[in-house]
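Encoded as structure tokens, the structure appears first; notes follow it.
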Amino acid sequence: MIDNITLDNLNNSLSGDVLFDNLHKTLYATDASVYRKIPLAVAFPKDDKDIKTLIAFATKNKITLIPRTAGTSLAGQCVGEGIVVDVSKHFTKIISFDEKAKTITLQPGIVRDSLNVYLKPFGLFFGPNTSTSNRCMIGGMVGNNSSGSTSIKYGVTRDKVVEIDAILSDGSTAIFKEISSTEFIKKTKENTQEGKIYKSLFDELTITENQQEIKNEFPKETIHRRCTGYAIDELLSSDLFGGTSTTINVAKLLAGSEGTLAFSTSITLQLDALPPTASIMVCTHFKSINESLNATVIAMNHNLYNCELMDKTILDCTKNNRDLAKNRFFLQGDPEAILMLEVSANTIEETEILADNLISDLEKNKFGYHHPKVYGADIAKVHYLRKAGLGALANIVGDKKAVACIEDTAVALEDLPNYIEEFTQIMAKYQQNAVYYAHAGAGELHLRPILNIKKKEDVVLFRKITTETAELVKKYQGSFSGEHGDGIVRAEFIPLMIGDKNYQLLRRVKKAFDPNNIFNQGKITDAFPMDESLRYEVDRKEPEIKTIQDFSESEGILKLAEKCNGTGDCRKPVEAGGTMCPSYRATKDEKDTTRARANTLREFLTNSDQANKFNHTELKQVFDLCLSCKACATECPSNVDIATMKAEFLYQYQETNGYSFRNKMFANNAKYNKLGALAPSITNFFTNSTLAKKVLGVAVERSVPKLANQTLESWLKKHHPKTSKKAVYLFNDEFTNFYDAEIGQDAVILLEKLGYEVKTVKHDESGRSHISKGFLKEAKAICNNNVAIFKDIITEKTPLVGIEPSAILGFRDEYIRLADDKSSAEKIAKNSFTLEEFLAKELEKGNIDTSLFTTSAKTLKIHGHCHQKALSGTHASFQILNIPKNYSVTIINSGCCGMAGSFGYEKEHYKVSMQVGEDTLFPKIRNTPQETQIVAAGTSCRHQIFDGTKRIAKHPITILKEALV
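Heads up: take any position in the sequence shown, counting from 1, add 176, and you land on the working numbering.
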């Protein structure tokens, strides 16, 4: 038993860190698979010396090291009971780049898409393209021998591996690269660990019987997606082992070895020229899966760059995801399957001919009922729809999920229709409607049964279906692991897939590389059972979690957390675009991802023995840097809404542990502002003093927003409203009322000028501050009061409009969860809009007189509020700001500003807040000419922009009001 003192000593011996607290062990107990193993510790090495120290420690203490990058593996490769070694934080450098040779040497923690951003100016790219390409890392791609949608044109990762620098099990180093047969034999005579490896491979593979057994039992050579076991068949091309090649590269053997043979520290890759720029995607619609597969055989005669399948189950999962629904534009009717067929050439005219020939061939063979062509940037949207399919599957409500176990099978293309027909019969026998999607052109479909692995009977089915599918794949001499690897879920089927003699050979190869079995134990050889160590305890009694918010649409908060399947979209870097997850982007710590928060909440709600299952400091730690931006509610394919769960956690935790003075001040901000507004000048002087900031726990570097000289409420009392047949109710939120009263005045003046009567009633504040600080009892009371006030007056003809996005959009979000009168809350929600949304709708109806606005020229750049982007979108702001015909308007792809209400004011969060701003928004604003007007609807955003760049941003409504003539 290794105690904490020993682990602490190990931590002190590294330049990096070894963490063994309960939180980090929980975070690294799972990946994107169905498995859960609590590790001994998690290491974050900074250099090769650290890795050597970890290897020595593992050898001495007889434990295993589990290498990990993004942790998006589907087969359980990244979970284990030893030390998880996460290289994603520090091993992120490009070591060298040879443009002429088209090669690049890098560390394993480089994100695949980030690599291609770097390479694009040179006209090069790394071809293999997984669905997780915007966060998966090269080390993981090599470990799995990943391929993705481009493999039919650019091959698999193994094809691109030129050289691997590795640390061996005895701590020595080796460079595996292409060498001559003579050099290979010379290495077999070296008295080193590397020499022993070469000698073992030579002794095993020069045996004719072994060569023949490999040829007889391994998957067909025509199947290029082949990750079953070790790629010893790859070495048979050498003239040393019966082939014709005078060179050999053992790095090819390490590709797909899942970190079980050596620890890779740098990788050299062969690159390709960028594909032709003119592309068309033909999205053929089918009435059955079988029809689509038979069509694939025809389509693959057309030199395709992509040939991908999506079935109805995947497509249906995208309907209710706000982020994905907009990418369904190409669909007609309700197809059972879609083939995404991409052709490319140097000119669009050439590409049109290719696309037309493809469609003509499909129609001639009577395949498909609709063949829409997709062009330009829209192609990426269709790709995104398919890529997000994996995460969207987790949106299936309830405990039955599409389970990864047989999702990686690959057969020869000509065998695919018959294979799928027999597979469907297996599914029918078990009354399963499986999910079919992914790489039809490569003979691989990601087939998934729908199972509830919390129940014993479905765990039994889990094994039965996997076993029968393995036997079927063997019948067609296919590969049971096409690109996702063996991991835990498929490793125990390797003897069936390649024969026991070959399996014993793999065990001897493992022994030669890793005699003490310290590298990723239980994967590929001597496998862990595939139906044990599951994420959920089988036949457990489901915990009953009482919440103040209504989580019934997910069947409770626990099942909302369980929707996270670990695919790690929340780890995508800044250059991938979007907003999720701003805290991870700032810290690069797994702890600060959406995935970490969901997994930790799931873990404690499931296993806590506390009376209040939320009462854990680990939960407080993991939620601490959540900015409640709500990006995860839309950008996460599973719609894991962490902001809502954080509010519930804060409420439950504080009910037991008390509410701090600072939290009370922030939550009751409107109440104190009412008092402060009696003497705004004195209040503003005091709140911006160093003393006040220190008392309140506000960062002294931060400027505090100033109260307006006159509240909007006071101004409205003096204002004489204009009457009109067209009317709206203005929600006078607490931020506009006390801080941004002038914007409120602009809104009233603008609406009246456009012919609308602006009605107001006395109402409560929005409750936003209470929600964000977890004061949910108070938020619920506010919500109920506002619902009662507005339920009889808010209609389609008299909508509720608001200025501050986070306040008005609460009616469409949290109010639905908090209101006792849910039907009235839902009715109000349908007719509640940001002012920009309302005006954009009116513009589309032709109700806005555009001649009322200036013809002067102006350049505007819009930064969208996070809640606006998640719940509404920035397009409405873009539309209305284009009403003045000579205004040039663009939307900044800016992510989160980092302020997030009170978050950015709090002294312990100030640095992270500013780093979030620096990640995307601040540099883009600094690079904007001074004469360009920055536009931001959020009061926090405008304040953060000023603090970070000294630029004054204006609300869209102010811009439009100033444009009136």
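Positions of the beta carbon are idealized from the N, C-alpha and C atoms, including for glycine.
| Asked | Found |
| --- | --- |
| Alpha carbon of S759 to alpha carbon of G742, nearest angstrom | 17 Å |
| Contacting residues, own chain, Cβ-Cβ under 7 Å from L195 (five flanking each side not counted) | A217, V218 |
| Proximity of L1011 and I979 at Cβ, strictly below 8 Å | yes |
| For V611 and S325, the rounded distance between their alpha carbons | 18 Å |
| Cut-off 8 Å between Cβ atoms - residues of its own chain near T268, not counting five sequence neighbours on either side | Q283, G285, I286 |
| Between the CA atoms of F862 and V871 - distance to the nearest angstrom | 11 Å |
| Boundaries of the alpha helix (DSSP H) in which S1089 is found, first to last residue | 1086-1095 |
| Coarse secondary structure for T182, derived from DSSP in three states | helix |
| Inter-residue spacing [alpha-carbon to alpha-carbon] between L381 and D584 | 28 Å |
| H1085 versus D800, T398, S440, E410, residue with shortest Cα-Cα distance | D800 |
| Simplified DSSP state of G1080, which is helix, strand or coil | helix |
| Three-state class that DSSP yields for L241 in the structure shown | strand |
| Burial state of H896 (16 or more Cβ within 10 Å) | exposed |
| Per-residue DSSP class, three states only, for D262 | strand |
| Endpoints, beta strand (DSSP E) assigned at A521 | 513-521 |
| Three-way DSSP call (helix, strand, coil) for T600 in this model | helix |
| Where R624 falls: helix, strand or coil (DSSP) | strand |
| Pair within 8 Å by beta-carbon distance, A843 and F1009 | no |
| Cβ distance (whole Å) where T1031 is taken to contact N1058 below 8 Å | With a Cβ gap of about 13 Å, T1031 and N1058 do not count as contacting. |
| Nonlocal neighbours in the same chain, by C-beta distance under 6 Å from V1065, ignoring five residues either side | L1036, F1054, L1057, N1058 |
| Own chain partners of A1016 with C-beta closer than 7 Å, once the 5 adjacent residues on each side are dropped | A1052, Q1055, I1056 |
| Contact the region 291-303 vs the region 459-478: 3+ CB pairs below 8 Å | no |
| Beta-carbon proximity list for L411, same chain, < 8 Å, skipping 5 on both sides | L377, L381, F417, I424, V426, K428, L429 |
| Anticipated Cβ contact below 8 Å, L621 with L485, distance rounded | 6 Å |
| Close-in-space but distant-in-sequence residues of the same chain around G675 (CB under 8 Å, 5 per side omitted) | E389, N392, E393 |
| Three CB pairs or more closer than 8 Å across the region 237-247 and the region 686-696 | yes |
| Local conformation of Q446 per DSSP, three classes | strand |
| The region 983-992 touching the region 1017-1025, judged by at least three CB pairs closer than 8 Å | no |
| Option nearest N839 by Cα separation, candidates A772, S879, K949 | K949 |
| Entirely enclosed alpha helix (DSSP H) segments - the region 740-804, minimum 4 residues | 758-763, 770-783, 793-799 |
| S1048 in three-state terms, based on DSSP | coil |
| Nonlocal neighbours in the same chain, by C-beta distance under 6 Å from G1124, ignoring five residues either side | G1093, F1098 |
| Extent of the continuous alpha helix (DSSP H) run through L250 | Per DSSP, L250 belongs to no alpha helix (DSSP H) and is neither H nor E. |
| Any 3 or more C-beta pairs closer than 8 Å across the region 1000-1007 and the region 1114-1124 | no |
| Whether E731 touches V874 by CB criterion (8 Å) | no |
| Residue burial classification, Q387 (beta-carbon count within 10 angstroms, cutoff 16) | buried |
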